[in-house]
Amino acid sequence: MAEIRNYTLNLGPQHPAAHGVLRLVLELDGEVVERADPHIGLLHRGTEKLAESRTWVQSVPYMDRLDYCSMMCNEHAYCLAVEKLLGIEVPERGRYIRTMFDEITRLLNHLMSLGSHGLDVGAMTMILYTFREREELMDVYEAVCGARMHAAYYRPGGVYRDLPDSMPRYETNRFKNEKLVKQLNAAREGSLLDFLDDFTERFPKCCDEYETLLTENRIWKQRTVGIGVVSPERALALGFTGPMLRGSGVAWDLRKKQPYAAYDAVDFDIPVGKNGDCYDRYLCRMAEMRQSNRIIRQCIAWLREHPGPVIVDNYKVAPPRREKMKSGMEELIHHFKLFSEGIHVPEGEVYAAIEHPKGEFGVYAISDGANKPYRIKLRSPGFPHLAAMDELARGHMIADVVAIIGTMDLVFGDIDR
Amino acid sequence: MDAILQPFADFFGPTWPVVWSLVKIVVLLAPLMVCVAYLTLAERKIIGFMQLRVGPNRVGPFGLLQPIADALKLLFKEVIIPSGASKGLFILGPILAIAPSLTAWAVVPFDDRAAVADVNAGLLFLLAITSIEVYGVIIAGWASNSKYAFLGAMRAAAQMVSYEVALGLALICVLMISRSLNLTDIVTSQQPVRLAGFGVGFLSWNWLPLLPLFVVYLISGIAETNRAPFDVVEGEAEIVAGHMVEFSGMAFALFFLAEYANMILVSTMTSLLFLGGWLSPVGFLPDGFHWLALKTAFILFVFLWARATFPRFRYDQIMRLGWKVFIPITLAWVVVVTVWMMSPLSIWK
C-alpha cells in the first residue's frame, strides 16, 4: 500500500477570503486541517519606525492606516498617549465628540466585519446591506474632516475642529435624477448632528434586517455554532481582547474598566457570549452595534446642549485660530513653531489603550523630550487573534478556516503595521 | 408541414433525415444559448435588485447587451493551458461538461409531442446523460494539476453522485404514477381527470400528491447544478473557483454555459414532472408553450432567490443532508406511493 501523506495548501495571499494579504499554510488531511500556519508581514510598512523620524502630530495620519476599518479609534489611542505624556486634559466637548466618533467607528468596523464574515460564509447579500449603512457613516467622516477613510481628525489635545453645520449632499447626474437626489438628501438638510440623529433612529431597524438574514438561519448556524471554540481561560491566556474575548463570556471592556473620553458619563451595556464560538462572537458584535447606537444617541443629545471648545487652548500643543494668527505676533510665532518644529513632549514613557472595535489597541510611547517620539510600540488587537489561528482551526475543515478568518475580523494594516 | 418539407426532402435525398435532425438541433440550441446568455443577465439584475444594487447598466439600454459583451470578451481571450496540466484532459474537461448539458435537451418536450426526439425512455436517457456531466468537472479538476481544482473536483464527485441518488428516487415515484418514461406522457398524465370541469388544473399536477418529492427534487436540483447554497464545488471563498480555477477564455465559458444550461434544464424538468409542463393552471386558459416557459422562469427565479438569501453549506453538511435526509425521505415516499397506488384510495386509475 502506498504511503498516505498529508498535503499542504497555500491559502493566500491572493485569495478571496484572505482579508487583504493573509497567507495561511494549511496542512490538510483530506479537507481536515491538521495545522494552520499564518504568515505575516506582507503589509509591513514600518509604522513604528516611521514615527521615530516625524513630529508627534505628523504620526497621527499613520495611525489611520493601521487598521483601515476603524480609523479614528487608532488615532484616539495615539492621541491619548501623547496627552498623557503632556499631562493635558481634553475639553469636555472634545471628549464627547471623541466618544461619539469612536462609536461611529465601531459601527463602521463591525459593519465591515459582519459583511465580510457573511461573504466568507457565502451570504453575499450581507456585505451589500451593511455597506448601505457604512456609506452614510462614511459621509459623516467626510463631513467632519473632509476624508472618507483616513480622517486625521483627532489631535493631541482634542479634535481638529468642531462639528460642521452641513452635510455633504448628492448631486444630480446621468444616473441620479432630481427626484432621487432630493430623496437621498432628505436627511442631509440640517447639521451633522441632525443627520446622525436620523441615522441612529433608523439603524436598529437595519440591525433587525441583518438578523433576519443570519441569526436564525439554519445554514448560518450550522456554519458558525461550535466552530473555533475558545474557552474563557484560553482566550485570556492567548491575549484575546474585544469581541473575541467577550464571545467566550469574559466581560472585559476598557470602556468600563478604565474609562477614557466620556465613557464614564454615558450609559451602555457590555454584551458577552457564552460558548466562545463563531456564532456567539457574531451575536456579540451584533449586540455591540446596538449599544454603540445607544451611546451615539446620548452623545448627540449632550453635544446639542453644550457648545464649547473642542481642543485645548494651549498654543504649545494646538494651533491658534487662524484669525488670531493673522493679526497677532505671538500667535504667528506659535503657529510657525508648531507647524515647523512640532510639540515638545516631556521626557517619560507611557502606555495608553482604548477599546478598539477589534479589542485592546494600545500605544506605548517613549519620549526623550524632543519633538519626535524616541520609540513607539503599537499593540494591535488582531495580532494575538491571528496567532491563535492554529489552535482555533485545528481539526476543522477548510470551509471553517474561512469562517474563523471572518470571525477574527482580521485587518492586515494593523497586524503587519 | 410535411407538404412544405417535401421539396427539401427530395433535394437532399437519402441524407434528408440527418439534415432535418441538424436543423431541429440548431432550432433548439440557438434559442437555448440565447436563454443562457440572458439568464446570466437576469441573474445579475435580479440579485442586484435583491442586494440594493442596480446590476449591469452600461452596455446597451439597461445593460441588455452585457451578455453579448461578456461572450465576446471570453471568445477573444487566450485559453491558457498551465505547464503542469495534462493537455488533452484539460481540453476534454470543459467539452465533457457542456456536451451532456446540451444533449439532454433532445428529449425535452416543449409542447404536446414537440421534442427533437420523443423517445419512450426519455426520463432514463435524461438521467443517464446528466450523470456524465460530473466527469467533465472531475477531469477538469484533475487535469489542472492544482490543489484547489483538485479539491473542487473531489467535492463535485461526492456531491453530484449523492444527489443523483435522491434525484433518481424522486423520479421513480413520478414514473410510477405516470406509468411511463416518456416525458410527453408524463405531462399528459397530469391532465385533470377527476377535477375536470372545475377549472383548477393546477391541483391535479404531480406537485400536490408528491409534495415532499417536489421539494426534494427542487433542492437536489440546486445541489446537482452546484448553485448556492450548495456551491461548494466552486466555493468562492474557500477554494476560489474549484475545478474552473485554471481555466480562461472560452474553456472557462464552456463551464459557465454548461452550468446555466443545466439550471434551465433542471427548472424545465421540474416544470414538466411536477408542475404540469405546458398545461394551463386554470380551465379557462388554453394550454401552450408559454406556460412551460413561465413555470421554468419561476423555478429559475427561486434558484436566484436562494442564492441571494442563504449562506453556503459546508461540504460535509451537504453530504449529511443528501444521505441522511433526502434519501430516506424519497425512499419512504416511494413506499407510501406504492401503497397508495395499490389501495382503493388511489387517485391514479
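Line by line, the protein sequences give chains V and D. Each residue of the first sequence is one higher than the one before, counting from 1353 in the numbering used here. Each residue of the second sequence is one higher than the one before, counting from 121 in the numbering used here. Where a beta carbon is used, it is the ideal one built from N, C-alpha and C, also for glycine. Predicted model only: the values in this text are computed from it and were never measured.
For the pair the stretch 333 to 346 of chain D and the stretch 439 to 451 of chain D, tell me if three or more CB-CB distances fall below 8 Å.
yes
Where are the alpha helix (DSSP H) runs, 4 residues long or more, that stay fully inside the stretch 1610 to 1664 of chain V, in chain order?
1630 to 1657
Under three-state DSSP, which class holds residue 1716 of chain V?
strand
Compare the beta carbon distance of residue 414 of chain D and residue 163 of chain D with 8 Å and say whether it is the shorter of the two.
no
Mind listing the chain D neighbours of residue 1367 of chain V? Cutoff is C-beta to C-beta under 7 Å, in chain order.
360
Got a sec: is the Cβ-Cβ distance from residue 1361 of chain V to anything in chain D below 8 Å?
yes
The stretch 125 to 134 of chain D in contact with the stretch 1482 to 1496 of chain V per 3-pair CB rule at 8 Å:
no
From residue 1438 of chain V to residue 1758 of chain V, what distance separates their C-alpha atoms?
39 Å
Hey, residue 1456 of chain V and residue 1648 of chain V are a contact pair by Cβ (cut 8 Å); roughly how many whole angstroms apart?
7 Å
According to DSSP, simplified to helix, strand and coil, what is residue 1475 of chain V?
coil
Three-state secondary structure assigned by DSSP to residue 1675 of chain V
helix
Based on DSSP bridge pairs, tell me the residues matched to residue 1390 of chain V.
V:1376
May I ask which residues mark the beginning and end of the beta strand (DSSP E) holding residue 1360 of chain V?
1359 to 1363
Name the residue from D:455, D:394 and D:350 whose alpha carbon lies nearest to the alpha carbon of residue 76 of chain D.
Limits of chain D in this structure are 121 at one end and 469 at the other, which puts residue 76 of chain D out of reach.
Kindly list, in the order they appear in chain V, the residues whose Cβ is closer than 8 Å to that of residue 172 of chain D.
1480, 1481 and 1484
Hey, residue 287 of chain D and residue 344 of chain D: beta-carbon distance below 8 Å or not?
yes
Tell me, please, whether the stretch 1617 to 1635 of chain V touches the stretch 1655 to 1665 of chain V by the rule of three or more beta-carbon pairs shorter than 8 Å.
no
Can you tell me which of the three DSSP states residue 1573 of chain V falls into?
helix
Beta-carbon spacing of residue 216 of chain D, residue 268 of chain D below 8 Å
no
So, is the C-beta of residue 1535 of chain V closer than 8 Å to a C-beta in chain D?
no
Do you know offhand how far residue 1665 of chain V's Cα is from residue 1614 of chain V's?
19 Å
Helix, strand or coil for residue 1514 of chain V? Go by DSSP, reduced to three states.
coil
Could you pull the DSSP bridge partners for residue 1704 of chain V from this structure?
V:1715
Between the Cα of residue 1433 of chain V and those of V:1506, V:1633 and V:1546, spot the shortest distance and give me the residue it belongs to.
V:1506
Paired residues, beta bridge with residue 195 of chain D - DSSP:
Its beta-bridge partners do not exist; DSSP assigns none.
Residue-level contact to chain V via CB, residue 444 of chain D, 8 Å cutoff:
no
Under 7 Å Cβ-Cβ, which residues of chain B neighbour residue 432 of chain D?
No chain B appears in the structure shown, which is made up of the protein chains V and D.
Identify, in the order they occur along the chain, each residue of the same chain with its Cβ nearer than 6 Å to the Cβ of residue 170 of chain D, setting aside the five sequence neighbours on each side.
428
CA-CA distance, residue 1483 of chain V and residue 1760 of chain V?
19 Å
Answer with yes or no whether the minimum CB distance from residue 348 of chain D to chain V is below 8 Å.
yes
Since residue 1568 of chain V meets chain D, which of its residues come closer than 9 Å, beta carbon to beta carbon?
Per Cβ cutoff of 9 Å: no residues; residue 1568 of chain V is ~12 Å from chain D at best.
Could you run through the stretch 255 to 271 of chain D and flag, in chain order, every residue whose CB is less than 9 Å away from some CB of chain V?
267, 268 and 271
Hey, how far is the Cα of residue 1508 of chain V from the Cα of residue 365 of chain D?
50 Å
Would you mind sorting residue 1583 of chain V into buried or exposed? The rule is 16 or more other CB atoms within 10 Å of its CB.
exposed
Outcome for residue 1732 of chain V when other beta-carbon atoms lying within 10 angstroms are tallied against a minimum of 16:
buried
According to DSSP, is residue 1501 of chain V helix, strand or coil?
coil
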